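S.K.:
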Amino acid sequence: MTHTGRFRLWRGDAEGGALTDFDVEVNDGEVVLDVIHRIQATQAPDLAVRWNCKAGKCGSCSAEIDGRPRLMCMTRMSQFAPQDVVTVTPMRTFPVIRDLVTDVSFNYAKAREVPAFTPPADLAPGEYRMAQADVQRSQEFRKCIECFLCQDVCHVVRDHEENKPAFAGPRFLMRIAELELHPLDVADRVPAAQDEHGLGLCNITKCCTDVCPEGIKITDNALIPMKERVADRRYDPVVWLGRTIRRR
Ligand code: SF4
Ligand code: F3S
Ligand code: FES
6 MTHTGRFRLW
16 RGDAEGGALT
26 DFDVEVNDGE
36 VVLDVIHRIQ
46 ATQAPDLAVR
56 WNCKAGKCGS
66 CSAEIDGRPR
76 LMCMTRMSQF
86 APQDVVTVTP
96 MRTFPVIRDL
106 VTDVSFNYAK
116 AREVPAFTPP
126 ADLAPGEYRM
136 AQADVQRSQE
146 FRKCIECFLC
156 QDVCHVVRDH
166 EENKPAFAGP
176 RFLMRIAELE
186 LHPLDVADRV
196 PAAQDEHGLG
206 LCNITKCCTD
216 VCPEGIKITD
226 NALIPMKERV
236 ADRRYDPVVW
246 LGRTIRRR
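Residue numbers (this note's numbering): 6 to 253.
Structure below.
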């Protein structure tokens, strides 16, 4: 079955832009990205859109569909009624380059601020041993496709440009948690998580978890355990005494 769908796309660049309406053919089984490609092929050849795999695995086609951060290639047209207007806008948290394409370099800068995996100095490659439960924890975090939808939705930076220098965002706080909870990582990542990467700014709204296309439990499995470690350090009387004595 084919029908004429109604799309409203944000078009513009860093200087400004506006929503533009398109009537476009929609076929059974299509996803939003298919329809965007048809608009590009038939009506707006200069429409800028970033994509790569069309299989929910490269993390490139992130945008906001009716205001919700989503992958365009994983959003089925069948969830909309034929008369619905489908509005597609670029991710709001990052600067627009053109049309639906944003500059996500904020995320690469934050990635570089996280020190690499630090195994014990006396452990040679091939000697690493860890429990299956620890492997599985890392594997959940490693499902991340770096779509940055969690970074886009988090209110700490979504409407607060001023918070960006002090906040790594859920994806990179999760990376810090992955390493901190890793049995073979000997770096102490707790103070920096709180003081340099902005863990304290997260008030566990769980919006990041809600939008993650990989279903990673970012808040429950990464952010809350990190917050617990911070709280243990700050309020454990033995740790407090040790720090106080060291300061004297
Ligand atoms: Fe995307 Fe999920 Fe990774 Fe965030 S944690 S970047 S939402 S895959
Ligand atoms: Fe932001 Fe996720 Fe915390 S949306 S406030 S990082 S729980
Ligand atoms: Fe790769 Fe959508 S095109 S995730």
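We put the beta carbon where it would ideally sit given N, CA and C, even for glycine. Since this is a predicted model, take the numbers as computed values, not measurements.
(1) Considering only their Cβ atoms, is the gap separating valine 37 from threonine 80 smaller than 8 angstroms?
(2) Using beta-carbon positions only, say whether aspartate 2 and proline 130 come within less than 8 angstroms of one another.
(3) Return yes when the C-beta of threonine 224 is under 7 angstroms from any heavy atom of the ligand F3S, and no when it is not.
(4) Just how far apart, CA to CA, sit alanine 116 and phenylalanine 177?
(5) Just how far apart, CA to CA, sit alanine 49 and arginine 16?
(6) Which same chain residues, not among the five before or five after glycine 64, have their C-beta less than 6 angstroms away from its C-beta?
(7) Which of the three DSSP states is assigned to aspartate 200 in this structure?
(8) From cysteine 66 to aspartate 127, what does the alpha carbon distance come to, in whole angstroms?
(9) Is cysteine 78 near the ligand FMN, in the sense that its beta carbon is under 7 angstroms from a heavy atom of that ligand?
(10) Inspect the CB distances between the region 18-35 and the region 91-110 and report whether three or more fall short of 8 angstroms.
(11) Do asparagine 112 and the ligand FES come close, with the Cβ less than 7 angstroms from some heavy atom?
(12) Could you tell me the distance, in whole angstroms, from the CA atom of lysine 222 to the CA atom of threonine 214?
(13) When we look at the beta-carbon of valine 106 and count the other beta-carbons within 10 Å, is it buried (16 or more) or exposed?
(14) Under DSSP, the alpha helix (DSSP H) around glutamate 20 begins and ends at which residues?
(15) Does the Cβ of leucine 184 lie closer than 7 angstroms to at least one heavy atom of the ligand F3S?
(16) Using only the heavy atoms of the ligand SF4, determine whether one of them is closer than 7 angstroms to the beta carbon of glutamate 30.
(17) On a CA-only basis, which of Pro120, Gly72, Val90, Leu184 is nearest arginine 97? Give me that one, please.
M.R.: The answer reads as follows:
(1) By 1-based counting over the sequence shown, the position of residue 80 is 75. By 1-based counting over the sequence shown, the position of residue 37 is 32. Yes, these two residues count as a Cβ contact at 8 angstroms.
(2) Beyond the ends of the chain as shown, which are 6 and 253, falls residue 2; an answer cannot be given.
(3) Here residue 224 refers to the residue found at position 219 of the sequence shown. Threonine 224 Cβ: within cutoff of the ligand F3S.
(4) Mapped onto the sequence shown, residue 116 falls at position 111. Mapped onto the sequence shown, residue 177 falls at position 172. Rounded to whole angstroms, alanine 116 to phenylalanine 177 spans 6 angstroms at the Cα level.
(5) Here residue 49 corresponds to residue number 44 of the sequence shown, with the count starting at 1. Here residue 16 corresponds to residue number 11 of the sequence shown, with the count starting at 1. One C-alpha to the other measures close to 10 angstroms.
(6) Indexing the sequence shown from 1 puts residue 64 at position 59. Closer than 6 angstroms at Cβ, skipping near neighbours: Ile150, Glu151, Cys152.
(7) The residue given as residue 200 occupies position 195 in the sequence shown. Of the three classes helix, strand and coil, the one that applies to aspartate 200 here is helix, per DSSP.
(8) Here residue 66 refers to the residue found at position 61 of the sequence shown. Here residue 127 refers to the residue found at position 122 of the sequence shown. Straight across, the Cα-Cα distance linking cysteine 66 with aspartate 127 is about 43 angstroms.
(9) Absence of the ligand FMN is noted for the structure shown, with the ligand SF4, the ligand F3S and the ligand FES being the only ligands found.
(10) Look at the beta carbons and you see the region 18-35 touching the region 91-110: at least three pairs across the two are nearer than 8 angstroms.
(11) Position 107 of the sequence shown, counted from the first residue, corresponds to residue 112. For the ligand FES, not one heavy atom lies less than 7 angstroms from the Cβ of asparagine 112.
(12) Your numbering for residue 222 matches position 217 in the sequence shown. Your numbering for residue 214 matches position 209 in the sequence shown. A straight line joining the alpha-carbon of lysine 222 with that of threonine 214 spans about 6 angstroms.
(13) Counting from 1 along the sequence shown, the entry for residue 106 is found at position 101. Counting the other CB atoms within 10 Å of its CB gives valine 106 a total of 16 or more, which places it among the buried residues.
(14) Working through the sequence shown from its first residue, we reach residue 20 at position 15. Counting along the chain, glutamate 20 falls outside any alpha helix (DSSP H), and DSSP gives it neither H nor E.
(15) Position 179 of the sequence shown, counted from the start, is the residue given in the question as residue 184. Between the ligand F3S and the CB of leucine 184, the shortest heavy atom gap is not smaller than 7 angstroms.
(16) Position 25 of the sequence shown, counted from the first residue, corresponds to residue 30. Not one heavy atom of the ligand SF4 is found less than 7 angstroms from the C-beta of glutamate 30.
(17) The residue labelled residue 97 in the question sits at position 92 within the sequence shown. It is Gly72.
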